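Participant:
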Amino acid sequence: MEKSGQVLFGEQGFALPERLDLKRGEIVKVAGSFGFAQLDDEEKTQVFIPGRYFMGAMTGEQVLLRTRPGRVGMSLEGEVVQVIPDPDGAFVGVLHLSGDSCFVVLDCMPKTEIKVRRSTLGEAKDGDKVLVKLVVRGRKHFGHIAAIERVFGDSGRAKFCADAILHQNHIKLNFEPETLQEAAQVFERGVCPDDFAGREDLRDWVICTIDSKETKDIDDAISLQKTADGYQLGVHIADVSHYVRPDTALDSEAFERGTSVYYANSVVPMLPKELSNGVCSLNPDEDRLALSCIAQLDEQGRIKDYRFAKTIIRSRKKCAYSEVNALLDGTASPDIVEAYAQVIDSLQLMGQLAQILEDNRFARGAMNIESNESKIIMDEEGDPVDIVVRDRGASEKAIEELMLIANECAANLGRKNKLPFVYRVHEDPDGIKLETLRTILKAFGYPYTDIKAGVPTKKLAEILDLSRGRPEQILIHKMVLRSMAKAKYSEQPLGHYSLSLDDYAHFTSPIRRYPDLSIHRIITDFLSGVPASEIRARYDDFVVDSSAHSTQCEINAMMAERDCDDAYKAQYMQQFIGQDMPGIVSGVAPYGFYVQLENSCEGLVRLATIEGSDYELVDDIKLVDHAGGKTISIGDPITVKTTNTNVSLGQVDFALA
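Okay, structure coming up:
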């Protein structure tokens, strides 16, 4: 109990931390001579810790703190009284070997050197990315000694840094043996006629999938027909719940992972490839089990009715986004037209309906926040050779619109029938965060300075539209995004603010998202006639756990994906050191400003590199040089040159050209 921080032992014997007025928190930053902890309170209070009061605590470690009123500009100052080390805790960093010197600089503490025991080096080389554990703890950081647990590889190559990032975020590359054994059994059995009992046979429907050419885990297919008074839309989703049953190793590990992780051109799947790329994937010309949402829409694209059914489907064609885009804009070659003959009418109809649905979405006030998504192109060795902005054509947007319909119907089914359910929710913006947005809007003369808590989605959508094409567009879109709550999973049907929908869930990707798999099970039981009382008994606690855990898994995956992509971008930018490149100012800070290049790579221009300047941050939107009179604002076009890259930390440094 002493080691876990539940009690403290001193000259007077044992005592509870709260009796000694100590607070528990986590070290969130170590910056050489000082750092910060975050308390375990509702406000997540930040505490400034001078370096002499750290007791050798490391970033990410739990500590007990004695706090006192801080100096000017700091609410609290603290002193670490006890470190509560994680027995399984390990740290990732870069190994440095020079003469008698042997130390590691940790990613989480880049200004601190930790000595490494030479007997643990093995084949590790200078500059390698390594995983270390502390084997000796000093009362100061310089007193720690670490042992190398694993060598990832050269820290100058993003693929090794990505492995370290995944490990650091507890994302497992390999599945447990029992999980793989169950997956092999499912794959060996395949899709059998015995599985067809009780299912609607839709194999004569014109059904196709639309994905990138590289996609192997195909979990959604569509069908579309014109009716006398509108459209019949079919969204057919791989019936993963048929194969991944509760109380199995497959389900246990899928729940633990929560989501597939996508970075660069790689994927860490939620399910073994025997399922994700095999028996569950809706491959063309193969019988597949599906859970289908069949919706009747009127001519204006409004949902009139819908139903869900367990089905058998057979996709006619694996369509590629790029080729469908060419079909929709009339630039397709005769070969493409011929190859798509079976489904071309459905695709043309899809393009028409998708435009109607998009118009409806914007008319009801849904927001369209623009951002540049990177596409990283790799060579055979796993190194980046090009980075471009990912293009979203008509077919990508169309599929999104059709999936929104199925997701809305699924959530409506759950809410209307009072089923325990996992909803995708997005709550109203926080009033305090909207104050910052009001300040920005006022600075740019926008006529929306009265926005406050409860602001309609449509008003924020109007602000986004007004900013398009203007120099401040990047800033306005970024600040609107920051003002909003984070989307999450919940057992409560709270609606989705940015989509302006009362009903929303994630139904369409059970191969790669556990919440989708969760509601597939619930819908299946509902369709099978399981009494509502029994469904509640089975799932009331489950949906609470699934919602909370899946939200955390999503956050974790997004952070890992971002950090991995940043490492690849830093490696790619090494070849451009010294070259002038055009970009746009994408952010400002007291220490410098960020620039985003046309290829979506972003780097920092440090004010310290601009000689003879005296820049000050004004209103969080611009830097004003009191020496030269220049102003640098978010959205300004600017030319910079790359001066340095740090692949291990995913950082790129720029200087003014």
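Under full-length UniProt numbering, the first residue of the sequence shown carries the number 1, and numbering increases by one thereafter.
Each residue gets a CB set at the ideal place from its N, CA and C atoms; glycine is no exception.
Note that the structure is predicted; figures quoted are calculated from it, not measured.
Please go through the same chain and pick out, in chain order, the residues whose beta-carbon is closer than 7 Å to the beta-carbon of residue 103, but skip the five residues on each side of it.
Facilitator: 96, 113, 114, 115, 116
Participant: Within 10 Å of its beta-carbon, does residue 192 have 16 or more other beta-carbons around it, so buried, or fewer, so exposed?
Facilitator: exposed
Participant: Looking only at DSSP bridge pairs, what is residue 36 linked to?
Facilitator: 29, 48
Participant: Which first and last residues belong to the alpha helix (DSSP H) in which residue 525 is found?
Facilitator: 514-527
Participant: Is the beta carbon of residue 218 sitting closer than 9 Å to the one on residue 318?
Facilitator: yes
Participant: So residue 351 and residue 398 are supposed to be a Cβ contact under 8 Å. How far apart are they, rounded?
Facilitator: 6 Å
Participant: Using beta-carbon positions only, say whether residue 524 and residue 220 come within less than 9 Å of one another.
Facilitator: Going by C-beta atoms, residue 524 is not nearer than 9 Å to residue 220.
Participant: Which residues mark the beginning and the end of the alpha helix (DSSP H) in which residue 436 is found?
Facilitator: 431-443
Participant: Check whether the stretch 148-155 and the stretch 174-192 touch, using three or more Cβ-Cβ pairs below 8 Å as the test.
Facilitator: no
Participant: Indicate whether the contact test is met: 3 or more Cβ pairs, each with one atom in the stretch 272-286 and one in the stretch 570-586, closer than 8 Å.
Facilitator: no
Participant: Three or more C-beta pairs under 8 Å: does that hold for the stretch 531-550 against the stretch 225-243?
Facilitator: no
Participant: Going by CA-CA distance only, name the one from 464, 259, 411 that's closest to residue 491.
Facilitator: 411
Participant: Hey, how far is the Cα of residue 385 from the Cα of residue 654?
Facilitator: 20 Å
Participant: Would you call the stretch 39-50 and the stretch 71-90 in contact, with 3 or more CB pairs under 8 Å?
Facilitator: Under the 8 Å Cβ criterion, the stretch 39-50 counts as touching the stretch 71-90, having at least three qualifying pairs.
Participant: Do three or more CB pairs link the stretch 306-318 to the stretch 197-210 at distances below 8 Å?
Facilitator: yes
Participant: Using only CA atoms, which one of 272, 633, 226 lies nearest to residue 244?
Facilitator: 272
Participant: Quick one: using the 10 Å Cβ neighbour count with 16 as the cut-off for buried, is residue 571 buried or exposed?
Facilitator: buried
Participant: Among the residues of its own chain, which have a CB less than 6 Å from the CB of residue 597, if the five just before and after it don't count?
Facilitator: Taking C-beta separations shorter than 6 Å and ignoring five residues to either side along the sequence, the partners of residue 597 in its chain run 581, 583, following chain order.
Participant: Within 9 Å of any Cβ in chain D, is that where the Cβ of residue 175 sits?
Facilitator: Protein chain content of the structure displayed is limited to a single chain, and chain D is not contained in it.
Participant: Which class does residue 177 belong to by DSSP, given the choice of helix, strand or coil?
Facilitator: helix
Participant: Could you tell me the distance, in whole angstroms, from the CA atom of residue 560 to the CA atom of residue 334?
Facilitator: 43 Å
Participant: What number of angstroms, rounded off, separates the C-alpha of residue 111 from the C-alpha of residue 535?
Facilitator: 54 Å
Participant: Around the Cβ of residue 132, are there at least 16 other Cβ atoms within 10 angstroms (buried) or fewer (exposed)?
Facilitator: buried
Participant: Name, in chain order, the residues that DSSP records as bridge partners for residue 632.
Facilitator: Residue 632 is bridged to 623.
Participant: Specify the secondary structure class of residue 577 as computed by DSSP and reduced to three states.
Facilitator: In the three-state DSSP reduction, residue 577 falls in the strand class (E or B).
Participant: If you follow the beta strand (DSSP E) that residue 234 is in, where does it begin and where does it stop?
Facilitator: 230-238
Participant: To which residues does DSSP link residue 378 through a beta bridge?
Facilitator: 384
Participant: Here's a check: name, in chain order, each residue in its chain whose Cβ is nearer than 7 Å to the Cβ of residue 480, leaving out the five neighbours to either side.
Facilitator: 369, 437, 460, 463, 464
Participant: Going by C-alpha to C-alpha distance, which of 441, 185, 515, 92 sits closest to residue 147?
Facilitator: 92
Participant: Going straight from the alpha carbon of residue 362 to that of residue 500, what length do you get?
Facilitator: 9 Å
Participant: Provide the residue span of the alpha helix (DSSP H) that contains residue 355, from first to last.
Facilitator: 344-363
Participant: Is residue 515 buried or exposed, if buried means 16 or more other CB atoms sit within 10 Å of its CB?
Facilitator: buried
Participant: Once the 5 residues before and after residue 467 are set aside, which same chain residues still bring their CB inside 6 Å of it?
Facilitator: 473, 476
Participant: In this structure, how does DSSP classify residue 12 when only helix, strand and coil are distinguished?
Facilitator: Here residue 12 scores only 49 on pLDDT, less than 50, and its place in the model should not be relied on; the value that follows carries that caveat. Reduced to three states, the DSSP call for residue 12 is coil.
Participant: Mapping DSSP to helix, strand and coil, what is residue 394?
Facilitator: helix
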